[in-house]
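A.B. asks:
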Amino acid sequence: MSERPIYGQGIEDAFWPPGVLPHFPRHIPLFRFEDTPKAVRRDLVQIVDAHGLFAPPDLYRALAYYPTFLSGAWDRLHPCAESPLYDEASRNLLRHAQQLAHALPHALPLSVQRLLLQVSEREVAAGLGIIAAYRQVLPRVMLDVEAMSRLFTGGGD
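In this text, residue positions in the sequence shown follow my numbering: the first is 26, and each later residue adds one.
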């Protein structure tokens with residue numbers, strides 16, 4: 026969404042208000058990095074390093090409540106996550122997501138002026154910062170989730 030404005034292929038004046046959709050859970054418990062056991066912290070540090078992040082993504086902070094699962098999944102995923110192939114797959118996923126966003130049937134006219142009708146300047150700045158950060162994180166997290174799913178459903182190595 027940071028590739029704005031997205032004009033879409035149909036209705037020019039459509040607008041999706043900012044915020045969390047009503048059907049999403051309001052509270053997902055996340056481990057605070059500082060409170061994690063030493064073994065889990067080791068995995069989280071490796072995840073941060075492998076993905077070039079400043080902090081563990083929420084997915085991993087939620088999985089920290091299941092240390093056996095997290096450790097088993099990350100031990101298998103770690104070598105892949107640091108490979109050039111993983112970097113290329115992440116870039117391809119981001120590029121494909123941008124193409125799909127621009128092919129949506131409704132416009133997503135994100136602009137500061139339009140958002141200011143709904144939220145404060147501070148919230149707009151924070152939102153755009155989050156979008157920019159997640160734009161780089163999400164493709165890799167999506168690859169991680171799919172790889173974990175395949176590992177634990179017998180879909181391959």
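No residue lacks a Cβ here, since even glycine has one placed at the ideal position from N, Cα and C.
As the structure is a prediction and not an experimental result, all values here were calculated from the model.
Compute the Euclidean distance between the alpha carbons of residue 184 and residue 94, then round it to the nearest angstrom.
C.D. replies: The question about residue 184 has no answer here: the residues shown for the chain are numbered 26 through 182.
A.B. asks: Taking 6 Å as the limit between beta carbons, can you name the residues of its chain near residue 113, skipping five residues before and five after?
C.D. replies: Looking up residue 113 in the sequence shown gives position 88. Correct list: empty, nothing qualifies.
A.B. asks: With residue 59 as the anchor, note down where its alpha helix (DSSP H) starts and where it stops.
C.D. replies: For the purposes of this step, residue 59 is taken as the residue at position 34 of the sequence shown. Neither: residue 59 is in no alpha helix (DSSP H) and is coded neither H nor E.
A.B. asks: Which value, in whole angstroms, describes the spacing of the CA atoms of residue 123 and residue 96?
C.D. replies: Here residue 123 corresponds to residue number 98 of the sequence shown, with the count starting at 1. Here residue 96 corresponds to residue number 71 of the sequence shown, with the count starting at 1. One C-alpha to the other measures close to 32 Å.
A.B. asks: According to the Cβ coordinates, are residue 75 and residue 107 closer than 7 Å?
C.D. replies: Residue mapping note: residue 75 aligns to position 50 of the sequence shown, counting from 1. Residue mapping note: residue 107 aligns to position 82 of the sequence shown, counting from 1. In contact: residue 75 and residue 107 (Cβ atoms closer than 7 Å).
A.B. asks: Can you find the residues in the same chain that come closer than 8 Å, C-beta to C-beta, to residue 88, ignoring five residues on each side of it along the sequence?
C.D. replies: Counted from its first residue, the sequence shown places residue 88 at position 63. Excluding positions up to five away in sequence, the list reads 94, 95, 98.
A.B. asks: Any chance you could list the alpha helix (DSSP H) runs of at least 4 consecutive residues sitting entirely within the stretch 65-151, in chain order?
C.D. replies: Runs found: 83-88, 92-106, 109-127, 137-140.
A.B. asks: From residue 168 to residue 115, what distance separates their C-alpha atoms?
C.D. replies: The residue you call residue 168 lines up with position 143 of the sequence shown. The residue you call residue 115 lines up with position 90 of the sequence shown. In a straight line, the C-alpha of residue 168 is about 7 Å away from that of residue 115.
A.B. asks: Looking only at its own chain, which residues have a Cβ that is under 6 Å from the Cβ of residue 92, when we skip the five neighbours before and after it?
C.D. replies: Position 67 of the sequence shown, counted from the start, is the residue given in the question as residue 92. Closer than 6 Å at Cβ, skipping near neighbours: 65.
A.B. asks: For residue 27, which residues of its own chain have a beta-carbon under 6 Å away from its beta-carbon, when the five flanking residues on both sides are left out?
C.D. replies: In the sequence shown, residue 27 corresponds to position 2, counting from 1. For residue 27, the predicted structure reports a pLDDT of 41, less than 50, and the residue's modelled location is therefore unreliable. The matter cannot be settled from this model.
A.B. asks: Grouping DSSP H, G and I as helix and E and B as strand, with all else coil, what is residue 164?
C.D. replies: Here residue 164 refers to the residue found at position 139 when the sequence shown is read from its first residue. Helix, per DSSP.
A.B. asks: Give the straight-line distance between the Cα atoms of residue 52 and residue 83, rounded to the nearest whole angstrom.
C.D. replies: Here the question's residue 52 lines up with position 27 in the sequence shown. Here the question's residue 83 lines up with position 58 in the sequence shown. Distance between the alpha carbons of residue 52 and residue 83 is about 12 Å.
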